[in-house]
Amino acid sequence: MTNLELQKRANEVRKGIVTAVHSAKAGHPGGSLSAADMFTYLYFEEMNIDPKNPKWEERDRFVLSKGHTAPGLYSVLANKEYFPIEDLKTLRKLGSYLQGHPCMQETPGVDMSSGSLGQGISVAVGMALAGKMDNKDYRVYTLLGDGEIQEGQVWEAAMFAGARKLDNLVVIVDNNGLQIDGKVEDVCSVYPIDKKFEAFNFKTINIDGHNFDEIRKALAEAKETKGMPTAIVMHTIKGKDVSFMENNAGWHGKAPNDEEYATAMADLDKISEQLEKAGEV
Amino acid sequence: MADVKKIATRESYGNALADCGKDFPNLVVLDADLAGATKTSIFQKAFPDRHIDCGIAECNMTGIAAGLATCGKVPFISSFAMFAAGRNFEQVRNSIGYPHLNVKIGATHAGITVGEDGATHQCNEDIALMRTIPGMTVIVPSDDVEAKAAVRAAIEMEGPVYLRFGRAAVPVINDKPDYKFEIGKGVVLKEGTDVSIIATGICVEGALGAAEMLSADGISAEVVNIHTIKPIDEELVVATAEKTGKVFTVEEHSVIGGLGSAVCDVLSENAPTKVIKIGMYDKFGESGSAGALVEKYGLDAKGIYAKVKENL
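Residue numbers (our numbering), protein chains in the order written: chain A, 1 to 281; chain B, 1 to 312.
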C-alpha cells in the first residue's frame, strides 16, 4: 500500500476507535489512537495473515501487551474484515465478543488474551520460541506501552529474548510519554528506553510512530536483523488526530460524551477530506 | 518387616516427564533454575532440545509457556510451589487460566516437608490459590505410582492442570495390580464405618497408619484418597460422609482453602456433616527435618490418630 492509502486506512481505524469507546461509554482512546498507525501498518502491510483463517498455523502473530488499547486492535481487525465494523459499537457491552481487554477465545484475530500489563511480551517470546523450535518462518510482534515497561516482567522477557537470540520477535514500545498518573518521566522514568533494550541484546530502532516511511523502514530492518530480537521505540502522540485528546493524560481511559464524540469525528472527517484531496493532486 | 520403598514425588515427576517425552513429541518442559531440585533435569537429559531453562524468572516462564501452548506445544512449567503458584498467581490466572491454555504446572517442594529451608519456601497456600482459578484442575498425588499416573493423565487432557509434588521421600502405597488413576475420581483405600478420613498427597499414608491405630482401639475408619482436589469427587465425598457421619480431612496445607475446605463445600450443600480439618492451622512453618515437622504439626499417623480420638 502507498503511504496515502495507509494514512486513509489509519484514519478509518481511528474513527472506529472513537466510535467504539463512545458507544461503550468507557475504554482507552488515548493509547489506541497513538498506536493506530502501527496497528494499521502491521495488519495491512507487514503481517502474513489471513482474516478468513484467523487460526492459520503459519500466520504471523501479534500480542497486544498493552491490552487496554483493545479498541485500537479491534478497530484494525474490523477494518481488515475479521468481523463487521458495526460490531465495534458492542465494545464492552454484556454479551459482546469485544471484551474490555482482548480475549482470544471470543474475538477472531486475537492471538492472545491480554490486559494485565507486562504479561503479553512473555507470551510473544513463547510464540517466537515455538517458531524457532519448529523451524517455522512466522514472525511475532508485540506492542507495549511506555508506562507498561515499568513492570519487571517486561525485563525478564527481554532478557530471555536477547539471550535466546529470538530474531523472529519484534517488540514495539508506544512511547507517547503519558500514563494514567501523568508523564512517564514524572511517575517513574523509563528513559532511556532504547539503551535499556540494547543492554538486553536487542537491535533497537527509534522512529516517529506516525510516519509510515519510518515504520516501513524499521520493520524491514527488523526482518533483516539476524541473531537478535528487535525493539522499535516509536515516538507518538497520545490521542493522535483528535484535537482535544492529543497529549492529554486525562484521555488515557475515558470515553467522549456525545458532544465530544461529534468534535472528534469532525476532526477525523476533516483529515479524510484532506487525504482525499491529497490523492487528487 | 519388609523395607518399604520410598521415593519423593518430585522424583516421580521427573521420571514421568522423561517417560512421556517419547510418546508426546509436543511435550516441552520449562524450569526456572531449579532443574536439579524439581527433577526436570531427568527430562532434560533425555530431551535436551525440549527443556527450556528460563533462569530465575518464574513469571516470564509462565508467559512463555502460554505462548508455546498457543502454538500447539504441551508445556510443563516447574518450580517450587511457593513460586509456581504463589509468586506466579496472577500470571497463572491471566495468561493461562483465562485463555484456558494447555499448560501444566509441575509444582514441587510443596508444604512443610520442604524441611530445613524453612517457612519462606514451605508453601501451604497453593491448593487454595489454584483451585479458585476457573477451569484449573488441581492434583495432589500421594506417592510415586500416583504421581507418574497423574503426569500422564495431565498430558492426555486438554486444559490447565496444577500438579503438587513433595521434596521428601515418601512410601509407595499404590503399587497394586488393580491401581487405576482417573482425574476427578477419589479412591477408597480402606473401608470403614465409624469415621471417614479423607486425605490428600503425602498425608494419605499417615491416614492409613492412623486407621490402623484406630482399628486397634475398635474404631473402624474409612480412608479416602482424594488426589484430585478440583474437580473433586463429590459423589464419593458425600457417600463416605453419609456412611460414617463424621469426616476428618488431612492435608499438608493450610486448613483455609485446601482439601478440607473443598470437602466442606461439597458436604455443606449436599450432606451436612461435621468435618474436622487437619492441616496447618493458619501458621507459617519453620526449619527442621521433614519428619520432625510432620510430627510437630500433627500430620503423621500419630497426629491424625490423636486428632480423631479427641473428636470422636
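Positions of the beta carbon are idealized from the N, C-alpha and C atoms, including for glycine.
Can you list, in chain order, the residues of its chain whose CB lies under 7 Å from that of residue 53/B, leaving out five sequence neighbours each side?
Along the second sequence, read from residue 1 onward, the residue named residue 53/B stands at position 53. Result list for residue 53/B: 31, 33, 35, in chain order.
What are the partner residues of residue 233/A, as DSSP defines its beta bridges?
On the first sequence, position 233 is the one that residue 233/A refers to. DSSP output for residue 233/A lists 173/A, 206/A as bridge partner(s).
For the alpha helix (DSSP H) containing residue 273/B, name the first residue and the last one.
In the second sequence, residue 273/B corresponds to position 273, counting from 1. Run containing residue 273/B: none; DSSP gives neither H nor E here.
Below 7 Å on C-beta distance, what does residue 73/B contact in chain A?
As a first step, residue 73/B must be located in the second sequence, where it is residue number 73. Residues of chain A passing the Cβ test: 130.
For chain A, check one thing: does any of its Cβ atoms lie closer than 8 Å to the Cβ of residue 60/B?
What you label residue 60/B is simply residue 60 of the second sequence in a count that begins at 1. Chain A has a Cβ within less than 8 Å of the Cβ of residue 60/B.
So, does the CB of residue 95/B fall closer than 8 Å to a CB anywhere in chain A?
As a working mapping, residue 95/B is identified with position 95 in the second sequence. True, the Cβ-Cβ gap to chain A drops below 8 Å.
Could you tell me which whole alpha helix (DSSP H) segments of length 4 or greater appear in the segment 195 to 220 of chain B?
For the segment 195 to 220 of chain B, the full-length alpha helix (DSSP H) segments reaching 4 residues or more read 203 to 216 along the chain.
Residues near residue 61/A by beta carbon distance below 6 Å, same chain, minus five either side
Residue 61/A sits at position 61 when you count from the first residue of the first sequence. The residues are 111, 127, 140.
Quick check on residue 68/B - is its C-beta less than 8 Å from some C-beta in chain A?
Here residue 68/B corresponds to residue number 68 of the second sequence, with the count starting at 1. Yes, its Cβ sits closer than 8 Å to a Cβ of chain A.
Report, in whole angstroms, the separation of the C-beta atoms of residue 105/B and residue 92/B, which I expect to be a contact under 8 Å.
The residue you call residue 105/B lines up with position 105 of the second sequence. The residue you call residue 92/B lines up with position 92 of the second sequence. Right, their Cβ atoms sit about 7 Å apart.
Proximal residues, the segment 98 to 124 of chain A versus chain B, C-beta separation under 9 Å:
103, 104, 105, 111, 112, 113, 114, 115, 116, 118, 119, 120, 121, 122, 123, 124
As a quick exercise: from 28/A, 106/A, 143/A, pick the residue whose alpha carbon is nearest that of residue 124/A.
Locating residue 124/A in the first sequence gives position 124, where the first residue counts as 1. The residue with the shortest Cα to Cα distance from residue 124/A is 143/A.
Which complete beta strand (DSSP E) runs does the segment 144 to 200 of chain A hold, if anything under 3 residues is left out?
169 to 175
Pair every Cβ in the segment 35 to 52 of chain B with every Cβ in the segment 87 to 107 of chain A, then say whether three or more of these pairs are closer than 8 Å.
no
Hey, quick one: how far does the alpha helix (DSSP H) through residue 38/B stretch, first residue to last?
Taking the first residue of the second sequence as 1, we reach residue 38/B at position 38. Looking at the DSSP string, the run of the alpha helix (DSSP H) that includes residue 38/B is 35 to 38.
Taking C-alpha atoms, which residue in 193/A, 113/A, 15/A, 223/A lies nearest to residue 72/A?
In the first sequence, residue 72/A corresponds to position 72, counting from 1. Measuring from the Cα of residue 72/A, the nearest candidate turns out to be 15/A.
Per-residue DSSP class, three states only, for residue 19/A:
Stepping through the first sequence from its first residue, residue 19/A is reached at position 19. It is helical.
Shorter than 7 Å, the distance from the beta carbon of residue 233/A to the closest heavy atom of the ligand PLP, or not?
Here there are no bound small molecules, and the ligand PLP is not part of this structure.
Name, please, each residue of chain A whose Cβ falls closer than 9 Å to the Cβ of residue 54/B.
For this step, residue 54/B is matched to residue 54 along the second sequence. Correct list: 156, 160.
Between which two residues does the beta strand (DSSP E) harbouring residue 123/A extend?
To locate residue 123/A, count along the first sequence from 1; it is residue 123. Segment 120 to 133 is the alpha helix (DSSP H) holding residue 123/A; no beta strand (DSSP E) there.
Endpoints, the beta strand (DSSP E) within which residue 78/B is located
By one-based count along the second sequence, residue 78/B stands at place 78. Note, residue 78/B: beta strand (DSSP E), 74 to 80.
At 9 Å on the CB atoms, spell out the chain A contacts of residue 63/B, in chain order.
Taking the first residue of the second sequence as 1, we reach residue 63/B at position 63. Within chain A, the residues near residue 63/B are 118, 119, 120, 121, 122, 123, 124, 125, 126, 153, 156, 157.
Alpha carbon to alpha carbon, how far is residue 11/B from residue 186/A? Give it in angstroms, no decimals.
Here the question's residue 186/A lines up with position 186 in the first sequence. Here the question's residue 11/B lines up with position 11 in the second sequence. Whole-angstrom Cα-Cα distance: 50 Å.
Just by C-beta distance, which residues in the segment 79 to 103 of chain B are closer than 8 Å to chain A?
Against chain A - using a Cβ distance shorter than 8 Å - the residues of the segment 79 to 103 of chain B are 90, 91, 94, 95, 98, 99, 100.
Short-range partners of chain A found in the segment 202 to 236 of chain B, where Cβ spacing is below 8 Å:
The residues in question: there are none.
With DSSP as the reference, label residue 51/B as helix, strand or coil.
The count along the second sequence starts at 1 and reaches residue 51/B at position 51. Here residue 51/B sits in strand by DSSP.
Bridge partners of residue 117/B, per DSSP?
Your numbering for residue 117/B matches position 117 in the second sequence. The partner list for residue 117/B (beta bridge, DSSP) is empty, contrary to what the question assumes.
Looking at residue 66/B and residue 96/B, is the spacing between their C-beta atoms short of 8 Å?
Stepping through the second sequence from its first residue, residue 96/B is reached at position 96. Stepping through the second sequence from its first residue, residue 66/B is reached at position 66. Taking 8 Å as the Cβ cut-off, residue 96/B and residue 66/B qualify as a contacting pair.
To the nearest whole angstrom, what separates the beta carbons of residue 244/A and residue 263/A, a pair I think is in contact under 8 Å?
As a position in the first sequence, residue 244/A is number 244, starting the count at 1. As a position in the first sequence, residue 263/A is number 263, starting the count at 1. Confirmed, Cβ separation roughly 7 Å.
Could you have a look at residue 293/B and say whether DSSP puts it in helix, strand or coil?
As a working mapping, residue 293/B is identified with position 293 in the second sequence. In this structure, residue 293/B counts as helix in the three-state DSSP scheme.
Going by C-alpha distance, which of 258/A, 260/A, 207/A, 275/A is nearest residue 237/A?
For this step, residue 237/A is matched to residue 237 along the first sequence. It is 207/A whose Cα lies nearest to the Cα of residue 237/A.
Would you tell me roughly how many angstroms separate the C-alpha atoms of residue 36/A and residue 293/B, rounded to the nearest one?
Along the first sequence, read from residue 1 onward, the residue named residue 36/A stands at position 36. Along the second sequence, read from residue 1 onward, the residue named residue 293/B stands at position 293. Approximately 59 Å between the Cα atoms of the pair.
Strand pairing of residue 162/B, partner residues [DSSP]
Within the second sequence, numbered from 1, the residue matching residue 162/B stands at position 162. The partner list for residue 162/B (beta bridge, DSSP) reads 105/B, 138/B.
Rounded straight-line distance, which links the Cα of residue 72/B to that of residue 240/B
In the second sequence, residue 240/B corresponds to position 240, counting from 1. In the second sequence, residue 72/B corresponds to position 72, counting from 1. Roughly 41 Å separates the two Cα atoms.
Please confirm whether residue 107/B and residue 84/B have their CB atoms less than 8 Å apart.
If you number the second sequence from 1, residue 107/B lands on position 107. If you number the second sequence from 1, residue 84/B lands on position 84. Against a cut-off of 8 Å, the Cβ pair of residue 84/B and residue 107/B comes out as a contact.
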